[in-house]
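Peer 1: Once you've had a glance at the structure underneath, I'll fire off some questions.
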């Protein structure tokens, strides 16, 4: 019970920081980072559906799964890179960049915490 409360608090603070990075400076460009949070799990979901539920050790569908992992990692890295590029081009302030990066880190660590505490991996699937 305490884990779910801590994860909910962490997620809400992360989202608050991303929104504050936009609202405090009246520049809504840092909210583009939220788009990467929404789009990041989609390549994994699509590629796992394409690969099907075949044997994990088979190399037939491994390329499809690796492509999904790669596209997800590109979106996650762009979620961190976008505030840096916007601050470097002086479209947002450095304080907005720090707020957006901190909020993004909190959101990603919340997702990792959720996976650690609530997603069980069946040993038969490995």
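Numbering (the numbering used here), first residue to last: 67 to 192.
All C-beta atoms, glycine included, are put in the ideal place defined by N, C-alpha and C.
Keep in mind it's a predicted model, so treat the numbers as computed, not measured.
(1) Quick one: complete beta strand (DSSP E) runs, 3+ long, within the stretch 132–180?
(2) Suppose you measure from the CA of residue 173 to the CA of residue 135; what does that come to, to the nearest Å?
(3) Helix, strand or coil: which one does DSSP assign to residue 102?
(4) For residue 161, which option in 91, 141 and 113 has the closest C-alpha, if you only look at C-alpha atoms?
(5) From this set, 107, 108 and 129, which residue's C-alpha is nearest residue 117's C-alpha?
Peer 2: This is what the structure gives:
(1) none
(2) In the chain shown, residue 173 corresponds to position 107, counting from 1. In the chain shown, residue 135 corresponds to position 69, counting from 1. Approximately 19 Å, taken between the alpha carbons.
(3) Here residue 102 refers to the residue found at position 36 of the chain shown. Helix at residue 102.
(4) For the purposes of this step, residue 161 is taken as residue 95 along the chain shown, with counting starting at 1. Out of 91, 141 and 113, 91 has the C-alpha closest to the C-alpha of residue 161.
(5) Taking the first residue of the chain shown as 1, we reach residue 117 at position 51. Ranking the options by Cα distance to residue 117, first place goes to 129.
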